[in-house]
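Contents: one structure, followed by commentary.
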Amino acid sequence: MRIDVVSIFPSYFDGLTLSLLGKAQDAGILDLRTHDLRTWTTDRHRTVDDTPYGGGAGMVMKPEPWGQALDDLATGDRPTIIFPSPAGEVFTQATARELADRDHLVFGCGRYEGIDERVFDYAAELGEVRLISLGDYVLNGGEVAVMAMVEAIGRLIPGVVGNPESLVEESHEDGLLEYPSYTKPSVWRDRAVPEVLLSGNHGAIAAWRSEQQLERTRERRPDLLD
Ligand code: ADE
Numbered sequence: 018m019r020i021d022v023v024s025i026f027p028s029y030f031d032g033l034t035l036s037l038l039g040k041a042q043d044a045g046i047l048d049l050r051t052h053d054l055r056t057w058t059t060d061r062h063r064t065v066d067d068t069p070y071g072g073g074a075g076m077v078m079k080p081e082p083w084g085q086a087l088d089d090l091a092t093g094d095r096p097t098i099i100f101p102s103p104a105g106e107v108f109t110q111a112t113a114r115e116l117a118d119r120d121h122l123v124f125g126c127g128r129y130e131g132i133d134e135r136v137f138d139y140a141a142e143l144g145e146v147r148l149i150s151l152g153d154y155v156l157n158g159g160e161v162a163v164m165a166m167v168e169a170i171g172r173l174i175p176g177v178v179g180n181p182e183s184l185v186e187e188s189h190e191d192g193l194l195e196y197p198s199y200t201k202p203s204v205w206r207d208r209a210v211p212e213v214l215l216s217g218n219h220g221a222i223a224a225w226r227s228e229q230q231l232e233r234t235r236e237r238r239p240d241l242l243d
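So this is what it looks like as structure tokens:
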């Protein structure tokens, strides 16, 4: 899969060269390219923002650099073009699964009060456009949201996570939270591991884990059970 990320702070994404996603890039499974939006500016000051028409607080990202960037990165293969935004659809595991199936994703990170609205309209001529929110809170820009999305999507690409079994039994994969995990020692600071996990009875262990999943979900995330 190819992923392009456009930002005025491309070094945010240095962290994505670490760990599993770094290995996936070394192995050629993931082709992740970060770009500085300012490389598509043409003025001496490399300007990417200007004051909003109609007045109001803050600055708006100018359309021209974004248009050039999209022209260069969305070259005929109709990629999925994602703009992180608190005003978008909420990102979930289902979104991650859907996007992990694509061949090419382009992420455009907005800053300030956002990007000139016409950019979204123009991007729709070049690919499928999605405005996606990490959750109901406001970040200073899209970078942190894109880091989270790229990690959630990237780990679902076949070959990225060494043991694909570990993708099955985790929170949100079956609509429930994950069951609790324990390792040795069996007693630690007076706290014992639940008896059933030491029993060797696979049926009983599976039943206990399902129960725990339901109980935790009911307690912490009742909205998931609706
Ligand atoms: N940019 C600012 N806030 C955001 C959020 N919650 N999700 C995605 N992008 C954002």
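Each number in the numbering used here comes from the position in the sequence shown (counting from 1) with 17 added on.
Each residue gets a CB set at the ideal place from its N, CA and C atoms; glycine is no exception.
Residue i: CB within 7 Å of a non-hydrogen atom of the ligand ADE
i, result
"Val204", "no"
"Val77", "no"
"Leu151", "yes"
"Pro103", "yes"
"Tyr129", "no"
"Ala113", "no"
"Leu54", "no"
"Gly158", "yes"
"Val65", "no"
"Val155", "yes"
"Ala162", "yes"
Selection from the options that minimises the alpha carbon distance to residue i
i, options, result
"Leu116", "Ile132, Ile174, Val136", "Ile174"
"Asn157", "Arg19, Trp225, Ile25, Arg147", "Ile25"
"Ser150", "Thr112, Leu87, Arg95, Thr92", "Thr112"
"Gln230", "Glu190, Arg206, Thr200", "Glu190"
"Glu145", "Pro96, Ser28, Glu130", "Pro96"
"Pro82", "Val210, Glu130, Thr59", "Thr59"
"Val23", "Leu38, Lys40, Gly32, Trp57", "Trp57"
"Pro80", "Val185, Val167, Phe137, Glu228", "Phe137"
"Ser188", "Asp21, Ser227, His52", "Ser227"
"Gly32", "Glu134, Val204, Thr51", "Thr51"
"Tyr199", "Arg61, Arg233, Glu212", "Glu212"
Endpoints, the alpha helix (DSSP H) within which residue i is located
i, result
"Thr234", "219-237"
"Leu184", "182-185"
DSSP bridge partner residues for residue i (one or two, in chain order)
i, result
"Arg208", "Trp205"
"Asp67", "Val77"
"Thr51", "Val22"
"Gly125", "Val23"
"Pro101", "Ile149"
"Ile1", "Because residue 1 is not part of the residues shown, which for the chain are 18 to 243, the question remains open."
"Val107", "Ser150"
Distance cut-off 7 Å: residue i Cβ against heavy atoms of the ligand SAM
i, result
"Ala169", "Ligands present in the displayed structure are limited to the ligand ADE, and the ligand SAM is not among them."
Decide yes or no for the touch test of the segment 34-51 against the segment 66-77: beta carbon pairs closer than 8 Å, at least 3 of them.
Because the criterion of three Cβ pairs below 8 Å is not met, the segment 34-51 and the segment 66-77 do not touch.
Would you call the segment 129-143 and the segment 172-187 in contact, with 3 or more CB pairs under 8 Å?
Touching, no.
Determine contact between the segment 96-105 and the segment 157-168, defined as no fewer than three beta-carbon pairs at a distance below 8 Å.
yes
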